[in-house]
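Numbering (the numbering used here), first residue to last: 21 to 133.
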Amino acid sequence: MKEIKAIIRPFKLLEVTEELQKIEGLPGVTVSEIKGFGKSRAKNAKDKVTYELVEFVPRVKLEVVVIDEMADEVVNVIQKYSHTGNTGDGKIIVLNVEQMVKIRTNERGESAI
21 MKEIKAIIRP
31 FKLLEVTEEL
41 QKIEGLPGVT
51 VSEIKGFGKS
61 RAKNAKDKVT
71 YELVEFVPRV
81 KLEVVVIDEM
91 ADEVVNVIQK
101 YSHTGNTGDG
111 KIIVLNVEQM
121 VKIRTNERGE
131 SAI
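Next up, the structure:
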């Protein structure tokens with residue numbers, strides 16, 4: 021199993037999630053509103069937010085756990101539909117998942133996805 025985390029621009033969320041929903045068997049996506057900064061420290065960002073004298077940019081984080089065979093397709097969709105070509109487009113991180121447990125049924129492993 022793979023966990024895919026993607027940090028993207030908020031205005032790309034609808035387009036990315038609409039395309040992810042087209043992937044057959046996709047178990048679901050968790051979306052969180054976040055803020056942070058990258059190498060440029062948000063200095064030139066038009067949408068920056070200042071908190072305690074630190075400048076941040078708003079972003080959205082998507083998280084999804086899929087079977088190994090789906091990971092590349094999910095990553096490709098996120099990359100394609102969140103891309104603008106500008107600094108600050110975001111990142112996609114792919115991690116190995118050692119175990120998953122569905123709380124309601126106590127299913128474990130891939131059946132818990």
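Cβ atoms here follow ideal geometry from the backbone N, Cα and C, with glycine treated the same way.
**Request:** Just the C-alpha distance for Q41 and P78, rounded to the nearest angstrom, thanks.
**Result:** Rounded to the nearest whole angstrom, the C-alpha separation of Q41 and P78 is 24 angstroms.
**Request:** Could you tell me the distance, in whole angstroms, from the CA atom of I98 to the CA atom of E130?
**Result:** Distance between I98 and E130, taken at the CA atoms: about 22 angstroms.
**Request:** Measure the alpha-carbon distance for L46 versus V69 and round it to whole angstroms.
**Result:** Between L46 and V69, the C-alpha separation is close to 34 angstroms.
**Item:** Where R124 falls, given that 16 or more other Cβ within 10 Å makes a residue buried
**Value:** exposed
**Asked** Can the beta-carbon of L82 be found less than 8 angstroms from the beta-carbon of I133?
**Response** no
**First through last residue of the alpha helix (DSSP H) which encompasses A91** = 88-102
**Asked** In the structure shown, what three-state DSSP assignment does K59 receive?
**Response** coil
**Asked** Should V84 go down as buried or exposed, given a rule of 16 or more other Cβ atoms within 10 Å for buried?
**Response** buried
**Message:** Does K42 come out as helix, strand or coil in the three-state DSSP assignment?
**Reply:** The three-state reading of DSSP puts K42 in coil, since its state is none of H, G, I, E or B.
**Prompt:** For the beta strand (DSSP E) that contains N156, what are its first and last residues?
**Reply:** This structure gives no information on residue 156, because the portion of the chain shown stretches from 21 to 133.
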